[in-house]
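Beneath this line is the structure, given in structure tokens, with notes to follow.
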Amino acid sequence: MKRAILIILFFLFVFSGVEAEKIKFKPITKKELNVDKCDFYPEAKAVILTKVGEIDFQMDKSRLFYRYSEGVRIKVLDDDKKDVANVKIMLYSPENNLSGPREKVSYLSGFTYNLENGNIVKTKLEKSNIFSNRLNEHWVEMSFVLPNVKKGSVVEYSFMKESSYFTNLESWIFQADIPTCHNELTYTIPEYFFFQTRMLGNMHEVERKESWVSDLIGNETLRSRRTKLIVKDLPPVEDEPFVSNPCDLPLRMEFQLVNIDIPGRVIQQIAGSYAQLNKKLLENEYFGKAANRGNFPKELSEKVAGMGDLEKADYLFEWMKSTVAWNRKYGFMQSKTWRECLRDKEGGVADINLALTSLFRTHGLEADPLILSTRGNGTVHPTYPSFEDFDYVVSVVRIGDELYYADATARVPFGLLPPRCLNGDGWLVSASGGNMMPLKGHGGNVCAVYSTFQVKDGKIEVEIQAQDKEYAALAVSERYLKEGKEKFEDQLRDRYTEWSFSDFKYDADRDQVNQRFKLERPCGDADVLYIQPFLYGLASEPLFKRDNRSAIVDFPFHSRETISVTILVPEGYEPEPLPEGLAFLLSSKGALFTFQALEGLGRITLTVSFVMKKLMYTPREYPELKTFFDEYAKLAKTMIVLKKKQG
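Here the sequence shown is numbered in our numbering, starting from -11 and rising by one per residue.
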């Protein structure tokens, strides 16, 4: 939660000089109103001409606060993007603290400019069109819609927000969902404040200027560091595949107050450590203590008596999954007791997995809870934790030298986490001190496909068998359960419109999903038979479309795929030369695929093997990665040609 800090020393001071003025733009020009496209991003439907921001510290009576000022000027190039005139400002304003520290907007203005009959027409945002809405007990949303917006308009707004919660200053977002011509931030930090600043998100060239400024404060001179960051011609944030946290994509600057070092005083350590977080959680009634309590059936102890630790852990895990259902609520703090979960037959993530930890411990297993941030929620700070960073908890069991992850809210076997949890690192909360733990690397996408082709009675007959394990099995089984057998089978049949589809069989257990089906189509007594061998298991479209990429590619898990095809050569036919073998290894050695085609004993055997070990690739590595998957997709179009023998 946000925290306000009161610095006694500053009670006597009044800041002067280092002040953020209201953002003011140069007068609008007809040239700006006549802009009809973004030069460096021609397909844009709107473009940010200028975005300017200032952050500084200020004093009001005995209250130290910081001011965040933002001004934006946007050109609307298409009616589809008139929504850029809809603006929302988030304010942290706890309901139970309305007389104390909170955030407020101290200044707000907005205008719309249009060119009408050769003249610039300016329309002002009226106070009656500014609204405030409480979203929850902590946050208030201020919103407004700029007036008279249409294709060709330039909209402009600026505001100043004051906040006493300066442990984390407002992040400055350079990149938006539309391109930006010029973005500029100036922040001024008093020398006594040590902020860790981090430039995060997509990579782009940033011009940086720094200087020291001096101000007379009371009878003392205070130095402050002023930093200006400038970014130009910034493309928009775009949807890209294999991005774990879209919220982490925009180029941005984040601020974390680490300590306050005032001469002659003890250093105030502000940013909490993970050791402190660990201690607080262990002592918390709804976390650490919840993981140590539980009234579990006595017969359960009788069931697991005599079992080895791994068998016992697996049994207890499955028992928890079958006893309490997940109500789809996230969080890492208990919201209901175990007794209430049993009564309701459901609970949130924390209710179930903290109880699971207690269940393991009750039966003699070494288990601890692990908190994490799910995919899409952002990554946790590697050094300075915040309760807001985490939204999930699982259990970790140590058996011998191995660690096993357990999430009883998901349809995954013991030892695997659901894909939503595979996001960077999590924090293991432990009485022995706790530590960061990687969330990936336990399990992968494992699948094997076996196909057999034969020509019989004027028909090409194909029998296909697919075996999926771990995350591949999870994906198939979840789709099967969601859609039902009939729809699942129909969708598979629809992929083979040129074939007769029959004998579909689906079989699933905890560790594997098996599918079988047959295909058939007439070929008559053709002189030439064309056989496309990879009817299942290979995607025919490349995985990546764009030539360049600004975001890191983040695969959730390792992959291991094997595809084997056997073609029985009919009597009287012979194959044309088979395609050459192929092996493609990334320079990082993070992924490899091979292809081989062999003939002998009246059959043709084709084998594809794919292995991916490395999960993250930088934009610099992306072109090679794209080529890798482009070449892999081409295998799906492999064709085997059989010709009747001459004479």
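Quick reminder that beta carbons are idealized off the backbone N, C-alpha and C, glycines included.
DSSP three-state assignment for residue i, whether helix, strand or coil
i	result
Ala301	helix
Ser289	helix
Thr397	coil
Phe1	Unreliable placement is indicated for Phe1, whose pLDDT of 40 sits below 50; the coordinate value is still reported in the next sentence. Phe1: coil per DSSP, three-state reduction.
Glu104	strand
Ala73	helix
Thr168	strand
Trp127	strand
Cys235	helix
Gly375	The question names Gly, but residue 375 is Phe in the sequence shown. Reduced to three states, the DSSP call for Phe375 is helix.
Glu612	helix
Tyr438	strand
Leu270	helix
Ser465	helix
Ile(-4)	Caution applies to Ile(-4), whose pLDDT of 39 falls short of 50 and renders its modelled position unreliable; the value that the coordinates give is listed next. Of the three classes helix, strand and coil, the one that applies to Ile(-4) here is helix, per DSSP.
Ser576	coil
Ile407	Checking the sequence shown, residue 407 turns out to be Pro, not Ile. Correct three-state label for Pro407: helix.
Phe348	helix
Met627	coil
Gln634	coil
Leu173	strand
Phe275	coil
Gln479	helix
Gln264	helix
Tyr484	coil
Ala259	coil
Val194	coil
Asn502	strand
Leu589	coil
Ile340	helix
Lys473	helix
Within 8 Å, strictly: CB atoms of residue i and residue j
i	j	result
Phe505	Phe522	no
Tyr380	Thr362	yes
Asn266	Gly388	no
Tyr561	Lys633	yes
Thr176	Asp44	yes
Glu58	Ile11	yes
Phe441	Phe305	no
Leu52	Thr155	no
Pro544	Gly364	no
Arg240	Ser159	yes
Ala164	Pro224	yes
Tyr101	Ser141	yes
Ala624	Ser552	no
Gly647	Leu173	This structure leaves residue 647 out entirely; the chain is present only between -11 and 635.
Met425	Gly414	yes
Val501	Ser465	yes
Thr38	Cys169	yes
Trp636	Leu79	Only positions -11 to 635 of the chain appear in the structure, and residue 636 is not among them; the question remains open.
Val557	Gly590	yes
Arg61	Phe28	no
Ala436	Thr550	yes
Residue i beta carbon near the ligand MG (any heavy atom closer than 7 Å)
i	result
Ala463	In the structure shown, the ligand MG is absent, as is every other ligand, since no ligand is present at all.
Cβ-Cβ separation, residue j to residue i (assumed contact under 8 Å), whole Å
i	j	result
Gly431	Glu451	Wrong, their Cβ atoms sit about 29 Å apart, outside the cutoff.
Phe275	Met308	Rounded, the Cβ-Cβ distance is 18 Å, inconsistent with contact.
Val93	Met148	7 Å
Val384	Leu391	6 Å
Val637	Met604	Residue 637 is absent from the model: the chain starts at -11 and stops at 635.
Phe119	Phe99	Not a contact, Cβ separation roughly 18 Å.
Lys76	Glu144	In fact, because the Cβ distance is near 17 Å, the residues do not count as touching under 8 Å.
Asp356	Val417	6 Å
Within-8 Å CB hit, residue i to chain D
i	result
Pro521	In the structure shown, chain D cannot be found, because there is only a single protein chain.
Quick check: the segment 103 to 114 against the segment 56 to 66, are there 3 or more CB pairs under 8 Å? no
Hey, which unbroken runs of the beta strand (DSSP E) at 3 residues or more fall wholly within the segment 23 to 62? 34 to 48
Count the C-beta pairs between the segment 532 to 539 and the segment 563 to 580 that are closer than 8 Å, then say yes if the count reaches three, no if not. no
Decide yes or no for the touch test of the segment 585 to 599 against the segment 610 to 617: beta carbon pairs closer than 8 Å, at least 3 of them. no
Report yes or no: do the segment 136 to 150 and the segment 184 to 198 share at least 3 C-beta pairs separated by less than 8 Å? no
For a minimum of 4 consecutive residues, which ranges assigned as the alpha helix (DSSP H) are wholly contained in the segment 308 to 335? 326 to 332
Contact between the segment 280 to 287 and the segment 341 to 356 (3+ Cβ pairs under 8 Å): yes
At a cut of 8 Å, does the segment 245 to 262 reach the segment 166 to 185 through at least three beta carbon pairs? yes
Any beta strand (DSSP E) of 3 or more consecutive residues that is wholly inside the segment 112 to 157: 118 to 122, 127 to 133 and 142 to 151
Does the segment 457 to 476 come into contact with the segment 492 to 501, if we say contact requires no fewer than three beta-carbon pairs (one atom in each stretch) closer than 8 Å? yes
Would you mind listing the alpha helix (DSSP H) stretches within the segment 517 to 571 that are 4+ residues and don't spill past its ends, in chain order? none
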